[in-house]
Amino acid sequence: MAPEDAERLTSVLLEFQDVFRVRFGQDPPVKVAPLKVHLKAGAVPAKSGLRRYPPTHLEFLEKHVRELEDAGLVYRNTRSRWAAVPRIVPKKDPGDLRMTIDSRPINACTEPMPWPMPNLKVAMAVLRDSKVYFTLDWMKGYWQLPLHPESQEYYSFMTPIGVVTTTRVLMGQSDAVTYCQGVVDELFGEMIMHGLLGWLDDLLGIWFEAASEEMRVLHDEDYMVWQRGLCELEPPQTAAELQQFLCATNWMRVKIPEYSALVAPLTKLSDIGAKAAASRKKTALARVSLSSIGWCEDHAECFESVKTTLQRMVPLAHPDPDKMVCLYTDASDGFWGAIATQVPLDDLELVASEQRHEPLAFLSGAFRGASERWPIVEKEAFAVVELCKRLEYLLIRPGGFRLFTDHRNLVYMFNPLGASPNMAKYQAHKLQRWSLTMTTFPYAIECVAGEENLWADLLSRWGSPSRVARAAKMYKLALVSPLQSRDMSGFVRLHASSTATAAETAAALMEWFSLFGVVKTWVSDCGSHFKNEVIDAMRRMFGSHHHFVTPHCPWANGTVEVVNRLIVRTLKALCSEMRLKATEWPSLLPLVQSALNQQPADRLGGEAPVKAFTGLGATPPLTGIVRADEADPKTIDWVKSEMAKYMADLAIALEEMHKEVKATADRKRAKARASRTKQRGVKLTKFALGDFVLVARALKHPGKLTLRWKGPCRVVRVLSHHLMEVVQLVPPRETTLHHACRLRLYHAGGRDVDEDLVAQIAFGDEGFYVEGIEDLRMHDGEWQLKIKWMGLEDAESSWEPALSIYEDVPLLFRRWTTTHHDEDGVSEMVEDIERAIGHPL
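In structure tokens form, the structure reads like this:
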């Protein structure tokens, strides 16, 4: 700054030095009409009791209230019928505190006052041609605003030294923000939007003269600091840090082309973290580590890409009324993007690539939910409508604007001269409603050839770093695929496979066709192992028709969906009964297939699927227990005529049986639907003392064959018809309280706890019993406990994650931490686990 400019600035500051403050003083409020609060009809006084504060907060509160009282901002009021409660919150600086008032009870009783808040994007338009800026901030802005004497009692608050009533406006009042903005507009009048911008107690001054060389050097240095700060920014470690990073970058999204697509991986990970924390609050997200919810190299690269893009942000121009605004939009399957630019009027006759475009805004978004299934024409139209809605403050102008698209259908739909004002209501399709919305904007739409529409490509290249395409990771999935079933008979054939691929599906289909002949109609979902070139080639070879059911509509292929549910349920029961590992399910498929095909079905009129499909006699699972009488062999001489007659009778019998089966199935289905329609309420099972029950457990990431029911346990206390206390039958014999809907009867009372029952409990617990905890250590950043297993030697003790031991045997874990709390590392481990689970042990 030049010496004469510095001297001038010093004289101005000294002349008005009485308006500057760093702490409260004996100053009157702003000379405006005080805020008068209007209560709702029937409002009653809101009263709150005194909180229990820690010593540091109590000392700060007493000191702060006395400062306010000395400055004349509050006074003692022992007759007040209103009393809110103050809360002490920490500031950024360590040890620095702030007093806030919980005004929610009184806010619920007041009628809010309307006042227009300035739109920051619109206000930025006044910065055109400005060079120098300065900022001003009120000292304790709300404490300078007067509160009407009739309204002061409403905002009294309870303190350790008595009830205190304020004479000024409190931050947090329902009318505080609108009143403060109204005071700013009243004080500065015509200066607002003409050299001065005001947002509550923050002011931005604008100077339109050229900046000095020192100001330009300072700007360059600030830009270098900004660049260096971005380079040194470390990747986030918790979900709270990731949320803060996304919120910060979202403020600058209008300067970043394709912002939504750029941060999509981080946004998806942030949503996963919010679900894991069951909240989007910072305190809850801080307990969720990103490494525990799937942070990988792809997210690290996305984080670096965002930082690189921020360093290359495109500077936006201020709107110029002497230039033409041009809009360019683009949409893909998952995202949409748009650019608003302005060009000199002299460049309108030139090719778009040769015009001098100045960017005004970049907008982008993602298609989620139902919008992902829109056709491309609707996605292109949505990008146009959304862009016009968000940039309305730029587009409503005397000269209108120009809209460019490479989709000819949009030219017809959004032609302002082609829309009919007499459109019937039944024709109000989504695109037609959008076109009616566009009639409020003055624009001219033009279609450009795809090879000449460079701006769609510009959306993903301007200011964005190049992205490296990565191959998707391969995950193995144990499944039964494909499930082949005849809809009429219900006959199934199961094919075990570790992967869902086209080759496995083709092999299973060929096996079916080789045994039972080619089927001319195939029905399946739209899975990639069904909908591919290999299966389509087979379909053409056999001359069959492949029908794909509607996505997310399981009832469209209900027969197979029901059998799928039966398969999973049966495999769970067999694995539990035979005490097999969940990975050994393929060995049980023949048993499951036989049970499904041989068991008589009500929908088939008491016939088994194997008989309805092949005509062969069924062998139900109970055949091995209840045997029929031995057959009496007889010798029968069949002649050809009798054989032909028998086959003809058999064909007629099969046809009649199929008709009867179909009629019975339709009748059963209609009866079941009518029964479900009439069903009212839920009946819970009643349990008695001594009953053995299974207890439902919540699994974060359960496998398809993982047992959901744990136990059995014994009912030891019945609190009501719906609440029971149960006790474990094995150490540590923990007693827990459960609702009846979370219990299932295993065996009625009167049974002893024998070895077989204990073995079944051990299988349900999926492991061994913990006899004791021997030691503690920190290994690779994880707390681990040395576990002594019941029935195993000391040499077989193993180190297990402490959090897993707490989840499996919480009672034993609490006992050990209580008795060993003085040992090294125990208290630190307890603090880490409490931070991870979000509540005290």
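Taking the UniProt record's numbering, the leading residue of the sequence shown gets 1, the next gets one more, and so forth.
All C-beta atoms in this analysis are idealised placements derived from N, C-alpha and C, irrespective of residue type, glycine included.
All values derive from a computational prediction rather than experimental measurement.
Relative to the alpha-carbon of E446, which residue among T614, F134, T329, G527 has its alpha-carbon at the smallest distance? T329
If you draw a straight line from the C-alpha of K581 to the C-alpha of V610, how long is it? 30 angstroms
Terminal residues of the continuous beta strand (DSSP E) containing M191? Taken as a continuous stretch (DSSP letters only), M191 belongs to no beta strand (DSSP E), as it is neither H nor E.
Report the partner residues of D137 according to the DSSP bridge assignment. D202
Flag this pair as touching only if the region 49-69 and the region 83-92 have three or more C-beta atom pairs under 8 angstroms; answer yes or no. yes
Those runs of the alpha helix (DSSP H) which lie wholly inside the region 289-338 and span at least 4 residues: 297-311
For G463, collect the residues of the same chain with a Cβ closer than 7 angstroms to its Cβ; drop the 5 residues on either side in sequence, then sort them by chain order. Per-residue confidence for G463 stands at a pLDDT of 41, beneath the threshold of 50, marking its modelled position as unreliable; the derived number appears in the next sentence. Closer than 7 angstroms at Cβ, skipping near neighbours: I256, P257, T309, R312, M313, V314.
Kindly indicate the opening and closing residues of the alpha helix (DSSP H) around Q152. 149-152
Can you tell me where the beta strand (DSSP E) with C447 in it begins and where it stops? 443-447
Residue interval of the alpha helix (DSSP H) (run including R814): 810-819
Pick from V384, L785, P398, H57: whose alpha carbon is nearest that of W434? V384
Rounded to whole angstroms, how far is the Cβ of L37 from the Cβ of S151, which I believe are closer than 8 angstroms? One point to set straight first is that residue 37 is Val, not Leu, in the sequence displayed. Right, the Cβ-Cβ distance comes to about 4 angstroms (below 8 angstroms), so this counts as a contact.
Here's the rule I'm using: 16 or more other beta-carbon atoms within 10 Å means buried, otherwise exposed. How should R168 be labelled? buried
8 angstroms contact criterion, which D96 and D202 should meet: CB distance rounded: Their Cβ separation, rounded to whole angstroms, is 20 angstroms, which puts D96 and D202 out of contact at 8 angstroms.
Taking the alpha helix (DSSP H) that C713 belongs to, which residues open and close that run? No alpha helix (DSSP H) holds C713; the beta strand (DSSP E) holding it covers 709-718.
What did DSSP end up calling residue 846 once you bin it into helix, strand or coil? Nothing about residue 846 can be reported from this structure: the residues present for the chain run from 1 to 841 only.
When burial is assigned at 16 or more other CB atoms within 10 Å of the CB, is E380 buried or exposed? buried
Can you tell me the Cα-Cα spacing of P146 and G42, whole angstroms? 26 angstroms
Environment of M578 [buried if 16+ CB atoms lie within 10 Å]: exposed
Let me know if R8 comes out buried or exposed under the rule of 16 or more other beta-carbons within 10 Å of its beta-carbon. exposed
Between which two residues does the alpha helix (DSSP H) carrying G273 extend? 264-277
Using CA atoms only, rank isn't needed, just tell me which of L494, L812, H747 is closest to E734. L812
Cα separation between R814 and H820? 10 angstroms
Helix, strand or coil for D775? Go by DSSP, reduced to three states. strand
Using DSSP with H/G/I as helix, E/B as strand and the rest coil, what is R402? strand
Inter-residue Cα distance where the pair is E725 and A836: 28 angstroms
Around the C-beta of K323, are 16 or more other C-beta atoms found within 10 angstroms, so that it is buried, or is it exposed? buried
Ranges of the alpha helix (DSSP H) found wholly within the region 554-617, counting only runs of at least 4: 558-578, 589-598, 609-614
Decide if Y75 is buried, meaning its Cβ has at least 16 other Cβ atoms within 10 Å, or exposed. exposed
Going by C-alpha to C-alpha distance, which of P586, M99, D333 sits closest to L68? M99
Out of F335, K307, S332, T341, which has the shortest C-alpha to C-alpha gap to P321? T341
Can you tell me where the alpha helix (DSSP H) with P3 in it begins and where it stops? 3-15
Below 8 angstroms on the Cβ atoms is my contact criterion, and I expect F401 with V325 to pass it. Report the Cβ-Cβ distance as a whole number of Å. 4 angstroms
Per DSSP, the bridge partner or partners of I88: M99
Between the C-alpha atoms of S212 and L360, what's the straight-line distance to the nearest angstrom? Caution applies to S212, whose pLDDT of 49 falls short of 50 and renders its modelled position unreliable; the value that the coordinates give is listed next. The alpha-carbon atoms of S212 and L360 are separated by roughly 27 angstroms.
Report the rounded CA-to-CA distance for M541 versus Q355, giving the unit in angstroms. 56 angstroms
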